[in-house]
Amino acid sequence: MSEQSQLDPNTYDVHGVQDKWLPVWDELAPFKSGRADDARPTKYVLDMFPYPSGDLHMGHAEAYALGDVIARYWVHQGFNVLHPIGWDAFGLPAENAAIKRGENPQTWTYENIEMQKSSMRRYACSFDWDRVMNTCDPAYYKWNQWLFLKMYERGLAYRKDSAVNWCPSCQTVLANEQVVGGLCERCDSAVTKKKLNQWYFKITDYADRLLDDMSQLEGQWPEKVLLMQRNWIGRSKGAEVSFEIEGRAEPVVVYTTRPDTLFGATFFVVAADSDLASELATGTESEVAFNEYLEGVKAISEMDRLATDRPKSGVFLNRYAINPVNGERIQIWASDYVLADYGTGAIMAVPAHDQRDLDFAKKFDLPIRVVVESETDPAVTGQATADDGAHINSGPLDGLGKHEGIEKMIEILAERKLGTPATNYRLRDWLISRQRYWGTPIPIIHCPSCGEVPVPLDQLPVLLPDASDLDLSPKGTSPLGAADEWANVPCPKCAQPARRDTDTMDTFVDSSWYYLRYLNPQLDTAPFETAEANKWLPVDQYVGGVTHAILHLLYSRFFTKVLFDMGMVNFEEPFTRLLNQGMVVMDGSAMSKSRGNLVRLSDELADNGVDAIRLTMVFAGPPEDDVDWADVSPHGAKKFLARAWRLSGDVTSAPDVDFANGDLTLRKATHRAVADAQLAVETYRFNVAVARTMELVNVTRKAIDTGCGGADPAVREATQAVAIMLSLVAPYTSEEMWERLGHQPPMALAPWPIVDPGLLVEDSVQCVVQVNGKIKERLEVSPNISQDELRELAMGQASVIAAIAGATPKVVVVRQPKLVNVVLG
RNA sequence: GCCCCUGUAGCCCAAUCGGUUAGAGGCACACGACUUAAAAUCGUGCCAGUGUGGGUUCAAGUCCCACCAGGGGUACCA
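Residue numbers (this note's numbering): 3 to 827.
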């Protein structure tokens with residue numbers, strides 16, 4: 003009571019309730035999930051953890067408001083909910099900010115984390131604050147290194163030379179996701195390729211499982227995300243076929259999805275930038291022309307390469323391959339339309355049935371042979387035909403359709419040992435090396451005599467050297483390379499002078515397993531405890547932006563499968579349900595300073611308070627849709643909260659009053675509202691749940707003012723239901739209402755109202771009687787009227803008899819209790 | 001180019017299974033109350049036939065086909 007006296011009981015004080023309840027919640031810790039004696043069933047709600055670049059913004063406000071609805075709902079439903087938060091704290095922005103301001107990336111990062119943490123507390127996120135962790139803590143990245151070494155042991159971490167994305171301005175490699183339209187996402191320079199020796203995770207070993215296990219996620223993840231992952235993995239089935247090359251001892255293998263069109267292969271193309279192309283060109287009269295062409299190809303920027311309507315180019319190598327099924331001598335060309343790193347880097351070209359091959363054939367006047375019957379002639383129309391049809395000009399395949407043709411050809415090739423069935427993937431291994439400072443050092447030591455030597459597990463973590471002694475500005479090699487004292491160490495095997503690997507890991511490694519670290523963020527003997535993992539995981543509900551639809555979610559799924567194979571977890575998919583929230587935009591476009599449409603979260607919170615902003619986010623529309631701040635009304639949300647709050651002051655019955663004697667109409671409305679809201683929350687229609695709550699507030703207001711009055715027990719029942727439903731989105735208002743209603747905090751732990759099915763049943767429902775679909779009569783009938791009874795009743799109505807006018811009904815459709823339709827001839 | 005999603009009042013959005021006269025909620029607007037007045041607040045009210053054209057059905061916002069518009073994904077993957 004002493005606390006309440008600080009607030010004016012007649013005025014809804016937005017900031018007053020925040021200041022009042024925040025310390026109380028800190029004290030009561032209603033969302034603590036680690037108690038050993040907790041017998042409640044478990045749920046794990048996970049929000050994608052934030053990157054600590056400055057304070058929270060509108061996007062965070064939306065995402066965390068949505069995750070909170072689910073977490074708080076499950077708590078009210080009696081679950082022991084694990085809802086943790088941490089920071090994805092390694093990464094380039096910290097390094098860039100440090101370079102710009104001359105600060106230490108570590109200082110910058112931890113300052114931002116503290117700022118975000120305090121904003122989140124005030125925003126009343128239902129996090130378990132005992133489980134906080136940051137990926138840049140040595141206690142965390144130690145286990146990145148441990149996992150890396152376990153992967154290395156299993157042959158899943160390896161080094162290779164490869165052409166990687168390189169930004170000549172930033173002087174660093176870029177991940178695929180940092181190349182936008184061929185340009186560096188930060189400085190807009192044209193990205194080039196550079197051959198470097200880098201570390202990779204062998205995610206391609208898991209391609210089939212990553213693809214096939216998606217069937218478990220069907221219906222639980224957005225269809226769009228599953229589709230994007232399927233496309234990204236890009237499994238295709240076909241065959242590998244050997245072609246003899248004149249003047250070369252070894253045959254060359256090509257991959258094709260259409261082995262049935264082999265009789266239509268009229269030339270052969272190798273990727274211009276492949277080793278094979280150079281080898282075939284060397285010593286021929288085309289060598290000079292080829293080298294010129296290759297230089298030209300290398301000079302083309304990534305951006306230009308992406309142009310789809312680029313004309314085909316290439317050079318004849320003056321070499322010939324032999325078509326294995328018909329013995330034909332076919333020309334070998336080099337071109338950049340064949341990719342060196344997909345399949346075998348060489349193809350059989352079937353111009354009649356592949357558009358790219360046809361474009362090439364027409365440009366260089368190469369032969370075109372139709373082998374699958376179609377109405378149009380590709381050579382004339384310029385359109386390759388890929389439809390099913392009968393094979394022609396194909397010897398033993400003649401007359402067969404596409405599917406049988408493929409099978410038959412594979413059979414023939416196998417018999418003659420010229421080919422085998424084969425599967426190819428678009429997915430590439432995951433390049434994890436970064437030439438950056440602010441990341442996890444790769445725990446490998448390079449020894450001149452022993453080669454790659456893993457850092458012994460008992461010497462982990464390999465700590466980052468102090469940034470203040472290093473030049474972090476981009477210069478094309480890792481800043482760690484300059485830390486000689488750090489890098490020069492004796493080889494763990496032979497004790498001779500050796501050198502640490504100076505690259506750091508991609509930060510996607512950090513986020514691939516953080517959901518397991520929350521179980522025991524302080525644990526010093528393992529990344530996590532298997533028993534705890536099997537108790538809490540897989541995550542029941544994951545919430546985050548669709549921007550991570552492919553990379554983060556694919557990598558996390560990969561890690562989980564590796565951990566499963568290592569026997570460390572007993573599940574193979576980490577996230578059971580996934581919700582992708584939309585973005586917060588302004589006037590239809592993404593907010594940005596340069597556009598001048600930035601809405602500051604701190605301003606919005608100051609004007610309307612935490613609850614109103616959370617409510618606005620949730621009520622704006624379906625959670626997957628973008629919230630356009632121009633279309634919503636935080637002020638309206640605040641008004642509604644005041645309206646709801648006012649109810650709690652008008653309830654005059656005692657807290658323990660028996661609802662059974664309350665006004666029946668209001669009781670029914672309450673139970674209907676709770677039942678609807680419950681269903682809406684469970685099906686992600688949070689905006690609808692809010693609308694139901696608003697409706698109940700309106701009905702209760704009327705009951706108090708012009709109906710049964712504030713003393714009726716039903717008014718208390720309704721108002722308490724409002725408070726609980728509201729606690730999913732507006733925890734401060736809800737807690738305040740709960741106290742005014744005579745209850746103890748924390749209201750977050752109050753049980754969800756139990757719906758009485760008896761109160762959902764109506765005494766009577768309206769039934770329409772149609773004749774030929776036109777409404778002739780409305781009847782009040784019992785909800786459990788029988789089909790025959792209703793038919794009889796309807797057919798007896800004067801208006802219906804008049805409308806039928808003596809005709810014989812063709813059919814009478816009865817959908818009791820709501821509809822009868824009499825259909826005349 | 002290919003693939004996917006979405007089109008409901010001025011605006012944001014609702015509408016288990018196909019089933020009453022499409023409307024739960026909100027914004028905006030109009031009017032009324034309060035006020036010297038205005039703002040704020042409270043109350044009352046208003047508006048579309050579901051992008052277009054076909055089809056299936058006794059019955060279509062809901063299912064099917066085509067087109068149009070908007071949004072997203074992808075980029076020569078053989």
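Even glycine gets a Cβ: it sits at the ideal position worked out from N, Cα and C.
Same chain only: Cβ atoms within 6 Å of residue i, ignoring 5 sequence neighbours per side
| i | result |
| --- | --- |
| Arg321 | Leu282 and Ile334 |
| Pro523 | Arg133 and Met135 |
| Leu781 | Cys769 |
| Lys144 | Leu462 and Pro463 |
| Gln772 | Asn823 |
| Thr810 | none |
| Glu454 | Ile446 |
| Thr618 | Val634, Pro636 and Ala639 |
Own chain partners of residue i with C-beta closer than 7 Å, once the 5 adjacent residues on each side are dropped
| i | result |
| --- | --- |
| Pro140 | Pro463 and Leu465 |
| Lys537 | Thr44 |
| Ile205 | Leu429, Asp431, Trp432 and Phe560 |
| Asp389 | Ser376 |
Through-space distance from residue j to residue i, alpha-carbon basis
| i | j | result |
| --- | --- | --- |
| Met122 | Tyr295 | 57 Å |
| Gln385 | Leu360 | 8 Å |
| Thr504 | His637 | 53 Å |
| Tyr517 | Ala639 | 34 Å |
| Thr685 | Ala693 | 15 Å |
| Ser7 | Arg742 | In this predicted model, Ser7 has a pLDDT of only 43, less than 50, meaning its place in the structure is not dependable; the value taken from the coordinates is given anyway. One C-alpha to the other measures close to 11 Å. |
| Tyr439 | Leu58 | 25 Å |
| Arg103 | Leu341 | 43 Å |
| Pro785 | Met585 | 44 Å |
| Asp356 | Thr387 | 7 Å |
| Ser4 | Trp23 | Only weak support is given to the placement of Ser4: the predicted model assigns it a pLDDT of 41, under 50, and the value that follows is read from those uncertain coordinates. If you take the alpha carbons of Ser4 and Trp23, they lie about 13 Å apart. |
| Gln173 | Val382 | 49 Å |
| Val457 | Ile446 | 5 Å |
| Asp400 | Phe270 | 23 Å |
| Ile324 | Gly421 | 14 Å |
| Gln543 | Val227 | 15 Å |
| His83 | Ala646 | In the sequence as displayed, the identity of residue 83 is Val instead of His. Distance between the alpha carbons of Val83 and Ala646 is about 27 Å. |
| Thr527 | Trp148 | 11 Å |
| Val802 | Ala691 | 40 Å |
| Glu737 | Val757 | 22 Å |
| Pro529 | Met593 | 38 Å |
Neighbourhood of residue i by C-beta, 8 Å cutoff - its chain only, sequence neighbours within 5 removed
| i | result |
| --- | --- |
| Arg793 | Val814, Val816 and Val822 |
| Ser766 | Glu782, Val783, Ser784 and Pro785 |
| Pro380 | Pro353, Ala354, His355, Leu360, Ile370, Val372, Ala386 and Thr387 |
Delimiting residues of the beta strand (DSSP E) encompassing residue i
| i | result |
| --- | --- |
| Lys197 | Thr194 to Phe203 |
| Ile726 | Segment Pro715 to Leu728 is the alpha helix (DSSP H) holding Ile726; no beta strand (DSSP E) there. |
| Tyr257 | Val254 to Thr258 |
| Asp359 | Per DSSP, Asp359 belongs to no beta strand (DSSP E); it is in the alpha helix (DSSP H), Gln357 to Phe366. |
| Lys812 | Pro811 to Arg817 |
| Glu454 | Gly453 to Pro456 |
| Leu826 | Leu821 to Leu826 |
Strand pairing of residue i, partner residues [DSSP]
| i | result |
| --- | --- |
| Trp432 | Phe203 |
| Gln218 | Gln218 pairs with nothing; no bridge assigned. |
| Leu581 | Val545 |
| Ile370 | In the DSSP output, where bridge partners are listed per residue, Ile370 has none listed. |
| Met122 | Bridge partners of Met122: none, in fact. |
| Leu781 | Cys769 |
| Leu48 | Tyr544 |
Span of the alpha helix (DSSP H) around residue i
| i | result |
| --- | --- |
| Ile615 | Leu603 to Phe621 |
| Thr504 | Looking at the DSSP string, Thr504 is not in any alpha helix (DSSP H), and its letter there is neither H nor E. |
| Trp647 | Pro636 to Asp652 |
| Glu297 | Glu289 to Ala301 |
| His78 | Met60 to His78 |
| Tyr557 | Leu553 to Asp567 |
| Val19 | Val16 to Leu30 |
Contact belief for residue i with residue j at Cβ below 8 Å, rounded distance in angstroms
| i | j | result |
| --- | --- | --- |
| Leu459 | Tyr14 | No, Leu459 and Tyr14 are not in contact; Cβ-Cβ is about 58 Å, not under 8 Å. |
| Ser288 | Val317 | 6 Å |
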